[in-house]
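Novice: If you scroll down you'll find the structure; I have some questions about it.
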Amino acid sequence: MASPARFARLFPFIFLAFIALFTALGLAGVDRSCLDAADSTYLITSRALADGQMPYRDFLVAHPPLLFLLGAPLAMLGHGVMPFRVFTLLMMAGLGVAVWRLALRITANPQLAVVAGVLTLFAPLGLFFSKTFINDYLVSLIAVISILLLMGKSRTAIAGAGALAVLGTLTKLTILPFLLVCIAYVLIFRRKLSWIYIGVALGGSLAAAMLAQWITDGAYLADILGAQSSKGYNFANLFDGLRRIWQMDWPLMVPAWAGAWFAFKALRNRDKLGGQLKGRLFLLVGWLLAGVAVLGTLPAEGHDTNLFLMAEPAVAVLAAWGIVALAERGGLVPLALIAVWLVFAVPNLVNKSGDYFFRSNESDVAVIVAETINRTTDCQPVLIPGCYALEAGRPVTLDFYDPFLWEEKYKRGDENAKVLFDGLRIELAQEKPPVVVFGEGQPSAEILQPELSDHYQEDYSSESWPPVMLRVPKAAKAPG
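At position 145 of the sequence shown (counting the first as 1) the number is 333 in the numbering used here, and the numbers step up by one without a gap.
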């Protein structure tokens, strides 16, 4: 029989096996379809940058540039969205590895670290968005690596964490609450080195923003701040978003409550803890609270459940803490609780109606492409706001038109947005787009009335997420 020490050495290999399983399942579920506005924002922007367009200056962009700067080389590779899908899977695998290392540093418990890494890889909400090229994964990865560096003792590690903060502010502004947590941490636990982190993080972020402002002729901050300030608010979206998060991520949240209890007990004994462990628990709790604070923006128009992706790895660590702590207690009741959790949680991941591993709208995209090819000889781009599909070897979208971004610009009264929509009205009145597709509840459909209802009729409703309605000219007949 293997000794406990020898068995502990097997844990990294066990986790590596889960990494391989996750990657294999992810690659098996990759397809070339996309019908998602958030995803297409970065796909279209990455392609635009690769084609020599200047974001912010040439067209509206609502978020900082790091993700589509990484996406531009992927667009140059060709092969449609496949490089983006593989990049996302690799980023998620990297996040799982980082959480595994972080949990090991915090708890020094190899079993707990493996469970935390595995839960991060197979977290339902994360898997749901694994088919999308969005910036929330990058923000999460930056946050985890920042915590690992902040736990280091050297000036280089602290400076590295500050440099990551700069990259975070160049990725998405949801990093700001986490940045405040990190500043509080260095002021309390790394007081002598706090000036390094604060100087690099804040000074670097400000310098990066000013550089982007200069390169884009003053459009950078106007686009980002203007797009956020012009959003409408609907608190029904807050409750609906929280409900959807619970429906997806309850397999993590249920054991996370037990983990929070054990973590709280550890904090109650903080006088017996070493300074390093107190600081690590401070970062874990602060990281979770920063992610939860971001959910306060859910009432803003266009914000959705992907905001929880920054907090999800922290929830995974607490969930692992709860599961392993219960298992280590032994006894019939704790083991029975874990068994019940497994019975319900594991089938939840492989349930086809959950659309986690193999979520796809390939069939919807195929119909739209087929409709386009049947109705036009020159295969002109089709007006599909927020959709970027390459099943036919070409984008099925109006170049550089994303509904959320242009609607925001239109509501702000920007003249070029008015010109864009005026041009779209003329095209609709002349029935130039052979097929028009809008997502359910898309404001563009209201902006483009009455031309849309006067000249187009409903022809196809998607069954996959997100729901979309395909319209064709009233004078045309559906093929076949």
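In this text, a Cβ means the ideal position worked out from N, Cα and C, and glycines have one as well. No experiment lies behind these values; they were computed from the predicted model shown.
What does residue 649 pair with, by DSSP beta-bridge criteria?
Specialist: Partner(s): 657.
Novice: Would DSSP call residue 337 helix, strand or coil?
Specialist: Residue 337 falls in the helix class under three-state DSSP.
Novice: Relative to the C-alpha of residue 277, which residue among 248, 308, 609, 252 is closest?
Specialist: The residue with the shortest Cα to Cα distance from residue 277 is 308.
Novice: Count the other CB atoms within 10 Å of the CB of residue 366; is the residue buried (16 or more) or exposed (fewer)?
Specialist: Classification for residue 366: buried.
Novice: Which residue spans inside the region 296-380 form an unbroken alpha helix (DSSP H) run of at least 4?
Specialist: Here the runs fully enclosed are 298-309, 312-316, 324-338, 343-357, 364-377.
Novice: Can you tell me whether residue 614 is buried or exposed? The criterion is at least 16 other CB atoms within 10 Å of its CB, across all chains shown.
Specialist: Exposed: under 16 other Cβ atoms inside 10 Å.
Novice: What did DSSP end up calling residue 668 once you bin it into helix, strand or coil?
Specialist: Note that residue 668 scores 49 on pLDDT, short of 50, meaning its location in the model is unreliable and no value can be drawn from it.
Novice: What residue does the beta strand (DSSP E) around residue 512 start on, and which one ends it?
Specialist: Looking at the DSSP string, residue 512 is not in any beta strand (DSSP E); the run it does join, the alpha helix (DSSP H), is 500-517.
Novice: Under three-state DSSP, which class holds residue 243?
Specialist: Residue state, collapsed to three classes: strand.
Novice: Helix, strand or coil for residue 546 per DSSP?
Specialist: Three-state result, residue 546: coil.
Novice: Measuring CB to CB, does residue 476 end up less than 8 Å from residue 502?
Specialist: Result yes, Cβ atoms of residue 476 and residue 502 sit closer than 8 Å.
Novice: By Cβ distance, which residues of its chain are closer than 7 Å to residue 219, with the 5 residues on each side in sequence left out?
Specialist: Excluding residues within five positions, the ones whose Cβ falls inside 7 Å are 548, 550.
Novice: Using only the alpha-carbon positions, how far apart do residue 609 and residue 635 sit?
Specialist: If I take the Cα positions, the gap works out to 8 Å.
Novice: What's the gap between the Cα of residue 377 and the Cα of residue 287?
Specialist: One C-alpha to the other measures close to 22 Å.
Novice: If we count the other Cβ atoms within 10 Å of its Cβ and call it buried at 16 or more, is residue 452 buried or exposed?
Specialist: Flag for residue 452 reads exposed.
Novice: With DSSP as the reference, label residue 571 as helix, strand or coil.
Specialist: If DSSP states are grouped into helix, strand and coil, residue 571 belongs with the strands.
Novice: Does residue 623 come out as helix, strand or coil in the three-state DSSP assignment?
Specialist: DSSP places residue 623 in coil when its eight states are reduced to three.
Novice: On a Cα-Cα basis, can you pick out the residue from 560, 325, 497, 637 that is closest to residue 658?
Specialist: Taking only the C-alpha atoms, the option nearest residue 658 is 560.
Novice: When DSSP labels each residue in this structure, what does residue 191 get in the three-state scheme?
Specialist: With a pLDDT of only 46 at residue 191, under 50, the local geometry of the prediction cannot be trusted, and the value read off the model is given with reservation. Correct three-state label for residue 191: coil.
Novice: Using 10 angstroms around the beta-carbon of residue 509, count the other beta-carbons present and answer buried if the total reaches 16, otherwise exposed.
Specialist: When all chains shown are included, residue 509 counts as buried.
Novice: How many Å lie between residue 558 and residue 431 at the Cα?
Specialist: Spanning the two alpha carbons is a distance of roughly 36 Å.
Novice: What first and last residue would you give for the alpha helix (DSSP H) that runs through residue 227?
Specialist: From DSSP, the alpha helix (DSSP H) with residue 227 extends over 225-238.
Novice: Can you look up residue 663 in the DSSP assignment and give me helix, strand or coil?
Specialist: The answer is coil: DSSP assigns residue 663 none of H, G, I, E or B.
Novice: CB residue 354 to CB residue 328, shorter than 8 Å?
Specialist: No, the pair does not count as a contact, with Cβ atoms beyond the cut-off.
Novice: Taking C-beta to C-beta, are residue 500 and residue 629 nearer than 8 Å?
Specialist: Taking 8 Å as the Cβ cut-off, residue 500 and residue 629 do not qualify as a contacting pair.
Novice: Taking its Cβ as the centre, do 16 or more other Cβ atoms sit within 10 Å of residue 640, making it buried, or is it exposed?
Specialist: So residue 640 counts as buried.
Novice: For residue 445, count the other beta carbons within 10 Å of its own beta carbon; 16 or more makes it buried, fewer makes it exposed. Which is it?
Specialist: It counts as exposed.
Novice: Under three-state DSSP, which class holds residue 263?
Specialist: Note: residue 263 maps to helix in three-state DSSP.
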